[in-house]
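Engineer:
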Ligand code: SF4
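In the working numbering, the protein residues as written are 27 to 355.
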């Protein structure tokens, strides 16, 4: 089926990231403020509303979904949503991005509901540094969650670490070794201005520096053969056979020109970019019972109007009002 979600730069959109809650059990400094007022539950899209939206989006070309938050596992009964989405013809992939705190209890149920791909955020293996970054304890729970995901059979399991100068230098090698030892794919993500804290370019620990560390302390890296040009991560494999590593160089090598993503926030706003300054209220349309054809037109127009990409490296950059936890990662 030909995609109808093509923007004015020719980018085809097949990837929908759905935030199911803005709540989180951590308070990571790069994502959200410590004191925060969460959405009232009535503001959240119901599972039925999310599913209704996806049914409209699939014929337009959406075939890949990622559930995000906040922390998506704080939304009660998430496996039920996974099952509902699995039941929609045309969805070929459902993934999850989680902080892992609640994963040990939920991994098997999510797997049984049909989820197979999971990304777990983990910036450090040091408990004190975890607390410094997340403003909460929880390292042991995240590690337990990772092992539960392995036992349940998730594949691939990717570990996402935000790369911040002054913090990440000491974490790159322990995290990479941990991932290699347990058959996980480590991914380092350059720190972006989407949290509540004051972002400075100098705080980004760059992809090039991460690569240098990995190659000098572990093994040379070469690009993988099955590299997906639409993936935000540059993916490499260790030449000693010790697995793969991904680098998401959001700042030093923006990948906006191959972007295939749109986002639905927990309160039902459609955003055509993580950094979008405008959004469209689809909850309102869903609750008013607007015909599907009209909602489809709203989605098409939202994608068509997408800008070239974030302008973090320019003086034109404007930080969105919402922080990451209220958009969905
Ligand atoms: S910044 Fe926006 S356009 Fe660029 S990759 Fe992210 S979502 Fe896509």
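Beta carbons are placed, not taken as given, at the ideal position from N, Cα and C, and that holds for glycine.
1) At the level of alpha carbons, what is the spacing between residue 191 and residue 145?
2) Going by CA-CA distance only, name the one from 150, 162, 222 and 163 that's closest to residue 214.
3) Count the C-beta pairs between the region 172-185 and the region 68-75 that are closer than 8 Å, then say yes if the count reaches three, no if not.
4) Return the CA-CA distance between residue 52 and residue 98, expressed in angstroms with no decimal places.
5) Taking only the alpha-carbon atoms, compute the straight-line gap between residue 276 and residue 313 and give it to the nearest angstrom.
6) Given that a residue counts as buried once 16 or more other Cβ atoms are within 10 Å of its Cβ, and exposed if not, what is residue 121?
7) Are residue 259 and residue 272 touching if we call contact CB-CB under 8 Å?
8) Quick check on the DSSP output: the beta strand (DSSP E) that includes residue 212 runs from which residue to which?
9) Is it true that the CB of residue 350 sits closer than 8 Å to the CB of residue 58?
10) So what does DSSP say about residue 303, is it helix, strand or coil?
11) Within 8 Å of any Cβ in chain B, is that where the Cβ of residue 304 sits?
12) Quick check on the DSSP output: the alpha helix (DSSP H) that includes residue 77 runs from which residue to which?
13) So, with DSSP's three-state summary, where would you put residue 200?
14) Which word fits residue 368, buried or exposed, when buried means at least 16 other C-beta atoms lie within 10 angstroms of its C-beta?
15) Is the beta carbon of residue 287 within less than 7 Å of some heavy atom of the ligand SF4?
16) What does a CB cutoff of less than 8 Å around residue 305 pick up in its chain, not counting 5 residues either side in sequence?
17) In angstroms with no decimal places, state the Cα-to-Cα distance between residue 241 and residue 261.
18) Runs of 4 residues minimum, wholly inside the region 225-268: which ones carry the alpha helix (DSSP H) assignment?
19) Taking the alpha-carbon positions, what's the residue 287 to residue 41 distance?
20) For a quick check, are the C-beta atoms of residue 44 and residue 94 less than 8 Å apart?
21) Using the three-state DSSP reduction, which class does residue 32 fall into: helix, strand or coil?
22) Straight-line CA distance for residue 202 to residue 212?
23) Rounded to whole angstroms, how far is the Cβ of residue 196 from the Cβ of residue 171, which I believe are closer than 8 Å?
24) Given a cut-off of 8 Å, decide if residue 236 and residue 83 are closer than it, judged by their beta-carbon atoms.
Structural biologist: A quick look at the data gives this:
1) For this step, residue 191 is matched to residue 165 along the chain shown. For this step, residue 145 is matched to residue 119 along the chain shown. One C-alpha to the other measures close to 22 Å.
2) Here residue 214 refers to the residue found at position 188 of the chain shown. Closest option to residue 214, Cα to Cα, is 150.
3) Touching, no.
4) Mapped onto the chain shown, residue 52 falls at position 26. Mapped onto the chain shown, residue 98 falls at position 72. Each residue's Cα considered, the two are about 12 Å apart.
5) In the chain shown, counting from the first residue as 1, residue 276 sits at position 250. In the chain shown, counting from the first residue as 1, residue 313 sits at position 287. Answer to the nearest angstrom: the Cα atoms are 36 Å apart.
6) What you label residue 121 is simply residue 95 of the chain shown in a count that begins at 1. Residue 121 is buried by the Cβ-count criterion.
7) In the chain shown, counting from the first residue as 1, residue 259 sits at position 233. In the chain shown, counting from the first residue as 1, residue 272 sits at position 246. Yes, the pair counts as a contact, with Cβ atoms nearer than the cut-off.
8) Sequence index remark: in the chain shown, residue 212 carries index 186 (1-based). That run of the beta strand (DSSP E) goes 211-216.
9) As a working note, residue 58 is residue 32 in the chain shown. As a working note, residue 350 is residue 324 in the chain shown. Closer than 8 Å, so yes.
10) The count along the chain shown starts at 1 and reaches residue 303 at position 277. If DSSP states are grouped into helix, strand and coil, residue 303 belongs with coil.
11) Considering every chain present, this structure includes no chain B. It has just one protein chain.
12) Locating residue 77 in the chain shown gives position 51, counting from the first residue. 73-83 is the extent of the alpha helix (DSSP H) around residue 77.
13) On the chain shown, position 174 is the one that residue 200 refers to. The answer is helix: DSSP assigns residue 200 an H, G or I state.
14) The question about residue 368 has no answer, for the chain in this structure spans 27 to 355.
15) What you label residue 287 is simply residue 261 of the chain shown in a count that begins at 1. The answer is yes for residue 287.
16) On the chain shown, position 279 is the one that residue 305 refers to. So the qualifying residues of the chain are 291, 295, 296 and 297.
17) The residue you call residue 241 lines up with position 215 of the chain shown. The residue you call residue 261 lines up with position 235 of the chain shown. Annotation: residue 241 to residue 261 spans about 14 Å, alpha carbon to alpha carbon.
18) Listed in chain order, the complete alpha helix (DSSP H) runs (minimum 4 residues) inside the region 225-268 are 233-243.
19) As a first step, residue 287 is located in the chain shown; it is residue number 261 there, counting from the start. As a first step, residue 41 is located in the chain shown; it is residue number 15 there, counting from the start. So the two alpha carbons sit approximately 5 Å from each other.
20) The count along the chain shown starts at 1 and reaches residue 44 at position 18. The count along the chain shown starts at 1 and reaches residue 94 at position 68. The answer is yes: Cβ separation under 8 Å.
21) On the chain shown, residue 32 is found 6 positions in, with the first residue counted as 1. DSSP places residue 32 in strand when its eight states are reduced to three.
22) As a first step, residue 202 is located in the chain shown; it is residue number 176 there, counting from the start. As a first step, residue 212 is located in the chain shown; it is residue number 186 there, counting from the start. Spanning the two alpha carbons is a distance of roughly 6 Å.
23) On the chain shown, residue 196 is found 170 positions in, with the first residue counted as 1. On the chain shown, residue 171 is found 145 positions in, with the first residue counted as 1. About 23 Å; that fails the 8 Å criterion.
24) As a working note, residue 83 is residue 57 in the chain shown. As a working note, residue 236 is residue 210 in the chain shown. It is not a contact, given that the beta carbons lie outside the stated cut-off.
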